Amino acid sequence: MTNYLTTDTGRRIAYERLEGQGPGIVFLGGFRSDMQGSKVVHLRDWAAAQGRAFLRFDYSGHGASDGVFEEGCIGDWAADARAAIEALTQGPQVLVGSSMGGWISLLMARTIPDRVAGLVTIAAAPDFTESGFWVGFSPGQREALMRDGRIALPSEYGEPLVVTRRLIEDGRDQLVLNQPLSLPFPARMLQGTADADVQVSWAMDLLDHASGEDLRLTLVKGADHRFSSPDCLDLIVATIEEVVQNVRE
């Protein structure tokens, strides 16, 4: 059942929550994704079968939440995530971050470390507004973005993707790879080698940059950015179970 949380910023966030044993699992979705995706539904079903607490939600401008996607930015969506975690869960949680959700999970580790018990990232895309969008733009695209406040890019996922100046400029305030990144809990990173959106080198950079005593990166040959084949879904579940088992009491 979909419920709604109104955050301190006034944004109305759609969420679904399962009560159960802890540590609970919080799924952080990707850019332009929603909580009805195949990965999160699979994990919801697994959590229900396990009797484990589970939270999924849509960032503002995504899915069933209020707001306009093109008006949002990483800082807004990170604030949504923090509000959901603080209001809708109890105690430290295992965060599962997919793509942009991987970036947001790292921001949660930085801003509310006492609420993070463990971390699983799937094709994590930290700092992608800078290292992906901005770096990849031509001089003409950069000029148009700064002049007009937005540009439209073709997308294989449907409608053209509008990238705004606000998204880029706010993204620079949310970077995690330009400063120390402590992950003092079990952290597992999953990455496909056939991912056309997130390079394997990004996963390696994240592993090299982060500090912690229990960090591992798993590369899956041939897996794409969706990372939602039956084998990939099984691997995500097994990885979460491993993290849960290694969470410090």
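Residue numbers (our numbering): 1169 to 1417. For glycine and all other residues, C-beta sits at the position ideal for the given N, C-alpha and C. Note that the structure is a prediction, hence the values are computed from the model and not measured.
Which first and last residues belong to the alpha helix (DSSP H) in which residue 1193 is found?
Position 25 of the sequence shown, counting from 1, holds the residue named residue 1193. Element bounds for residue 1193: not the alpha helix (DSSP H) but the beta strand (DSSP E), 1189–1196.
Does DSSP put residue 1265 in a helix, a strand or coil?
Position 97 of the sequence shown, counted from the start, is the residue given in the question as residue 1265. Residue 1265 sits in a strand when the DSSP states are folded into three classes.
Report the three-state DSSP secondary structure of residue 1279 (helix, strand or coil).
Locating residue 1279 in the sequence shown gives position 111, counting from the first residue. Three-state result, residue 1279: helix.
Could you give the distance in angstroms between the alpha-carbon of residue 1225 and the alpha-carbon of residue 1187?
Within the sequence shown, residue 1225 is the residue found at index 57, counting from 1. Within the sequence shown, residue 1187 is the residue found at index 19, counting from 1. Distance between the alpha carbons of residue 1225 and residue 1187 is about 15 Å.
What residues are listed by DSSP as bridge partners for residue 1171?
Mapped onto the sequence shown, residue 1171 falls at position 3. Per DSSP, 1183.
Residue 1245 to residue 1194, Cα distance in whole Å?
Along the sequence shown, one-based indexing puts residue 1245 at 77. Along the sequence shown, one-based indexing puts residue 1194 at 26. Roughly 14 Å between the two C-alpha positions.
Mapping DSSP to helix, strand and coil, what is residue 1369?
Here residue 1369 refers to the residue found at position 201 when the sequence shown is read from its first residue. Correct three-state label for residue 1369: helix.
Express the C-alpha separation of residue 1409 and residue 1327 in angstroms, rounding to a whole number.
Taking the sequence shown and counting its residues from 1, the one referred to as residue 1327 is at position 159. Taking the sequence shown and counting its residues from 1, the one referred to as residue 1409 is at position 241. C-alpha separation (whole angstroms): 36 Å.
Quick check: what's the CA-CA separation for residue 1249 versus residue 1271?
Counting from 1 along the sequence shown, the entry for residue 1249 is found at position 81. Counting from 1 along the sequence shown, the entry for residue 1271 is found at position 103. Cα to Cα, residue 1249 sits roughly 11 Å from residue 1271.
Looking at C-beta atoms only, is the number of pairs between the region 1365–1378 and the region 1399–1415 that lie closer than 8 Å three or more?
no
If you drop the 5 nearest sequence neighbours on each side, which residues of the same chain put their C-beta closer than 7 Å to that of residue 1396?
Against the sequence shown, residue 1396 aligns to sequence position 228. Here the set comprises 1206, 1207.
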